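Reading through the structure tokens given below for one structure.
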Amino acid sequence: MTNLSWFLKSKRKEFKLTQEDLALKAGVGLRLIREMEQGKETLRLDKVNQVLSLFGSEMGVINKSVNSND
Numbered sequence: 001m002t003n004l005s006w007f008l009k010s011k012r013k014e015f016k017l018t019q020e021d022l023a024l025k026a027g028v029g030l031r032l033i034r035e036m037e038q039g040k041e042t043l044r045l046d047k048v049n050q051v052l053s054l055f056g057s058e059m060g061v062i063n064k065s066v067n068s069n070d
């Protein structure tokens, strides 16, 4: 299970939502919710963030320095 799938499933259960409820509230398809919770590796970032926004979260780019002296 990926961090994203674990996060989404735990938040959904914390808020006592079914996958269907979450899909409806986020305005996305049930298939996307299932794919996210199953750890699908290729997902549209805009759709992921549409779901995560319900929990006050979002995914994005994190810059990592190759050289720690930068």
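Numbering (the UniProt record's numbering), first residue to last: 1 to 70.
Heads up, the beta-carbon is just placed ideally off N, CA and C, and yes, glycines get one too.
Bear in mind that the values here come from a model prediction, so they are computed numbers and not experimental data.
- With respect to E35, L22 sits apart: the two C-beta atoms are not nearer than 8 Å.
- Contact between T2 and G56 is absent: CB atoms are separated by about 20 Å, not below the 8 Å threshold.
- A check of alpha carbon separations from A26 across K16, V66 and K47 identifies K47 as the nearest.
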